[in-house]
Structures are given as structure tokens and as C-alpha cells.
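Participant: If you count the sequence shown from 1, position 268 lands on 268 in full-length UniProt numbering, and the numbers rise without skipping. Cβ coordinates follow ideal geometry from the N, Cα and C atoms, glycine included. The model shown is predicted, which means the values in this text are computed figures rather than measured ones.
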Amino acid sequence: MSQTLPDDARTRTEAGRFQEEAPAQVVGERGSSAPRPVTGPVSPRAGVPARVRRIPGGRFLLGALVPIALLGLWYGVAAAGVFSAVQLPAPQTVLSAGAELFERGELYQHIAISVQRVLIGFGIGAGLGLALGSVLGLSKVADTLLHPTIGAFRAVPSLAWVPLLILWMGIYEDSKVTLIAIGAFFPVFTAVHSALRHVDPHLVEAGRAFGYHGLRLLVTVQLPAVVPSVFSGLRLALAQAWLFLVAAELIASSMGLGFLLTDSQNNGRTDRLLLAIILLAVLGKLTDALLGVVERKALKTWA
């Protein structure tokens with residue numbers, strides 16, 4: 001008895017079938033064929049020694065060696081008095097500054113508002129980058145018309161947008177989120193646009209042979225074929241979003257990690273300044289790790 005698959009399951013099945021049934025040979029001018037190498041996503045565990053993989057948490061411990069070494073070096077330099085306490089406070093001083101902000105309820109507020117701005121700006125910028133990158137990647141006319149202009153805007157530094165956004169949107173959340181979205185847009189746009197321009201034409205022909213065209217061809221065949229490139233762009237965009245956050249929070253902010261940076265500088269609180277830098281690094285790594293989990297699941301589904 002035949003069964004009807006749900007739309008999302010059917011889409012995944014069809015995408016996999018297209019990739020399996022795409023011609024595995026490239027036909028030459030005289031009808032001869034040459035084998036085409038079959039490539040797939042490389043496991044992130046491939047470069048990790050087998051002995052490390054056998055140790056529970058070995059990969060995590062290996063990655064933690066450098067931060068631990070840097071922390072030890074920091075402690076040693078501060079204890080030796082190479083720099084003054086104002087220039088380089090000891091790790092325990094920075095920890096005490098964080099505990100003080102936590103007890104006053106300010107630390108959570110700084111973190112929460114910054115994470116909120118980054119996630120909203122990243123979502124808007126990545127969505128627009130995916131949409132516009134798809135259009136220009138599939139349309140030669142749109143690519144010829146728009147790509148030079150987009151490439152020019154990509155070269156504009158982040159701080160150059162700040163005065164204009166203040167004039168247009170004021171000093172409220174809209175201007176901050178827009179600046180972060182601008183930073184997240186370009187990596188996704190570039191990755192999607194470039195990947196779609198280089199999709200295997202045999203794969204596209206196989207999709208058309210199954211009767212798919214337009215949007216359904218894009219969703220069923222072309223986007224699944226460029227999933228690794230899309231996620232590379234997304235991870236770069238997320239890093240850009242955190243970079244643009246500091247510039248965004250220069251726009252008359254009274255809360256956020258970017259504000260904590262500038263406020264600490266103005267008040268000579270190097271301990272809080274270092275705390276803000278460490279928090280930005282940790283939050284950036286955590287969000288990237290979460291996106292990496294989504295990437296691995298997507299690769300298992302589509303690749």
C-alpha cells in the first residue's frame with residue numbers, strides 16, 4: 001500500500017534523490033567520460049587524533065588548553081607587576097568587578113540587551129542576505145544590475161553608518177538593530193550568491209527533469225546543494241553581528257556590553273573593560289557553537 005509523505009519529508013527525499021541520481025560522469029567533446037570526484041562534508045572530528053577522541057571530553061579539553069595558558073600568563077604578569085594595576089588588573093580583580101555588577105543586577109541586563117540586539121539584527125540581516133543572494137545567484141540580469149552596488153556598500157566601515165542611522169532613525173533600538181543587520185547581511189549574501197553561481201549544472205538539470213522549476217527548484221535542489229556554504233556565511237555573519245554590536249551601542253546607549261566597554265574606559269575601570277571583552281568573547285563562542293549544532297543537523301538532513 002502506498003503512503004503519502006508529508007511535504008517536508010518529501011522535500012528531503014527528493015533532494016537526496018536528485019543528488020544521488022545526478023550524473024556521476026562529465027562527458028567530453030567526443031563522447032568520452034571522465035570520473036567526477038564525489039565530495040561531501042568533512043566531519044569536524046576528522047582532524048582530531050584518535051587518542052584524543054577516545055578520551056571523554058578530550059576534544060573540549062584540548063581546545064581549553066590555550067585559554068587556560070593565557071589565563072595563567074595573565075595571572076603571572078599581573079602578579080609580577082610588569083604593568084600597573086590600572087593598566088592590567090589581576091584576574092581576581094576582574095572577577096570581583098563581575099560579581100559586583102551581578103549583585104547589583106546590572107550584569108544580567110547588559111548581557112540580555114546585547115544578546116537581544118545581536119539575535120534580532122542577525123536574523124534580519126541573514127534573512128535579507130539569503131533572499132537577495134538567492135535572487136542574484138540565480139538571475140544574471142539581477143546580478144549584473146545590483147552586484148556592483150552591493151559590493152560598493154560592503155566596503156563602507158561600520159562606524160560610517162552611525163551618523164546616518166541616527167539622523168534617519170534616532171537613538172532608539174531601531175538604529176542599533178539596523179546597524180547590526182547591515183553587518184550580518186554581507187557575509188550571508190556573499191556566501192549564498194557565490195555558491196548558487198557554482199551549483200553543479202547536472203544537479204539542476206536532474207531537478208528540471210523531475211519537473212521542478214522556479215521556487216520549487218530552488219528549495220528542493222539548489223539550496224540543499226549549497227547548505228555548507230550557507231552555514232559558512234551564517235557563522236561569519238554571526239561573528240560580524242557581535243563586532244557591529246559595539247559600534248551599535250555607541251549610539252546613545254545606557255545598557256549593553258558595548259556601553260559597558262566605553263563607560264569603563266571613560267571612568268578608568270580597566271577591570272570592567274576586561275570583563276566586557278571576556279563576556280563578548282564567551283557569548284560569541286557560545287552562539288557560534290549553537291549555530292554549529294544546527295549546521296551539523298542540517299548537513300545530516302540535506303548533504
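For Tyr172, name the three-state secondary structure that DSSP assigns.
Facilitator: It is coil, neither helix nor strand.
Participant: Please report the Cβ distance between Gln240 and Gly183, rounded to the nearest whole angstrom; I am assuming they are in contact, meaning their Cβ atoms lie under 8 Å.
Facilitator: 4 Å
Participant: Can you have a look at Glu106 and say buried or exposed, based on whether 16 or more other CB atoms are within 10 angstroms of its CB?
Facilitator: exposed
Participant: Please specify which runs of the alpha helix (DSSP H), each continuous and at least 4 residues long, are wholly inside the region 90-138, giving them in chain order.
Facilitator: With a minimum length of 4 residues, the continuous alpha helix (DSSP H) runs that stay inside the region 90-138 are 91-103, 106-138.
Participant: Mind checking whether His193 and Leu136 have CB atoms under 7 Å apart?
Facilitator: Against a cut-off of 7 Å, the Cβ pair of Leu136 and His193 comes out as a contact.
Participant: Given this structure, state the Cα-to-Cα distance separating Leu257 from Glu100, to the nearest angstrom.
Facilitator: Separation of Leu257 and Glu100 (C-alpha to C-alpha, rounded to the nearest whole angstrom) is 15 Å.
Participant: Three Cβ pairs or more, each shorter than 8 Å: is that satisfied between the region 198-213 and the region 139-154?
Facilitator: no
Participant: Rounded to a whole number of angstroms, what is the C-alpha to C-alpha distance between Trp161 and Leu245?
Facilitator: 13 Å
Participant: Check for me: the alpha helix (DSSP H) holding Pro148 runs from which residue to which?
Facilitator: First-last of the alpha helix (DSSP H) with Pro148: 140-154.
Participant: Residues in its own chain within less than 6 Å of Pro23 by CB, not counting five upstream and five downstream?
Facilitator: Confidence at Pro23 is low in this model, with a pLDDT of 43, below 50, so its placement is unreliable and no value can be given for it.
Participant: Where does Gly211 sit, in a helix, a strand or coil, going by DSSP?
Facilitator: coil
Participant: Would DSSP call Asn267 helix, strand or coil?
Facilitator: In this structure, Asn267 counts as coil in the three-state DSSP scheme.
Participant: Do you know how far the Cα of Gly76 is from the Cα of Ser175?
Facilitator: So the two alpha carbons sit approximately 43 Å from each other.
Participant: By alpha-carbon positions, which one of Gly268, Ala225, Ala237, Gly284 ends up nearest to Ala298?
Facilitator: Ala225
Participant: Exposed or buried, what is Trp168 when buried is set at 16 or more other beta-carbons lying within 10 Å of its beta-carbon?
Facilitator: exposed
Participant: Quick one: measure Cβ to Cβ for Thr111 and Val177, integer angstroms, because I've assumed they're closer than 8 Å.
Facilitator: Rather than Thr, the amino acid found at residue 111 in this sequence is Ile. Contact between Ile111 and Val177 does not hold, since their C-beta atoms are separated by about 17 Å, which reaches or exceeds 8 Å.
Participant: Could you compute how far the alpha carbon of Ala142 sits from the alpha carbon of Ser96?
Facilitator: 55 Å
Participant: So what does DSSP say about Ile251, is it helix, strand or coil?
Facilitator: coil
Participant: Measure the alpha-carbon distance for Leu146 versus Trp242 and round it to whole angstroms.
Facilitator: 27 Å
Participant: Less than 7 Å between CB atoms is the rule here; does Ala191 satisfy it with respect to chain B?
Facilitator: Given the protein chain composition of this structure (a single chain), no chain B is represented.
Participant: Could you compute how far the alpha carbon of Ala64 sits from the alpha carbon of Tyr172?
Facilitator: Taking the straight line joining both Cα atoms gives about 39 Å.
Participant: My output table needs one value for Ser84: the three-state DSSP class, helix, strand or coil.
Facilitator: Judged by DSSP in its simplified three-state form, Ser84 adopts coil rather than helix or strand.
Participant: Look at the alpha carbon of Arg17 and the alpha carbon of Leu159, and state the distance between them as a whole number of angstroms.
Facilitator: Because Arg17 sits at a pLDDT of 49, beneath the cut-off of 50, its placement in the model cannot be relied upon, and the following sentence gives the value as read from the coordinates. Using only the alpha carbons, I get a separation of about 47 Å.
Participant: By the 10 Å Cβ neighbour count, where 16 or more other Cβ atoms means buried, how is Ser229 classified, buried or exposed?
Facilitator: buried
Participant: Label Ala247 either buried or exposed according to how many other C-beta atoms from any shown protein chain fall within 10 Å of its C-beta, with 16 as the threshold for buried.
Facilitator: Ala247 comes out buried.
Participant: Is the Cβ-Cβ distance between Leu291 and Leu238 less than 7 Å?
Facilitator: Yes, the pair counts as a contact, with Cβ atoms nearer than the cut-off.
Participant: Can you tell me whether Gly233 is buried or exposed, with buried defined as 16 or more other CB within 10 angstroms of its CB?
Facilitator: Buried is the call here.
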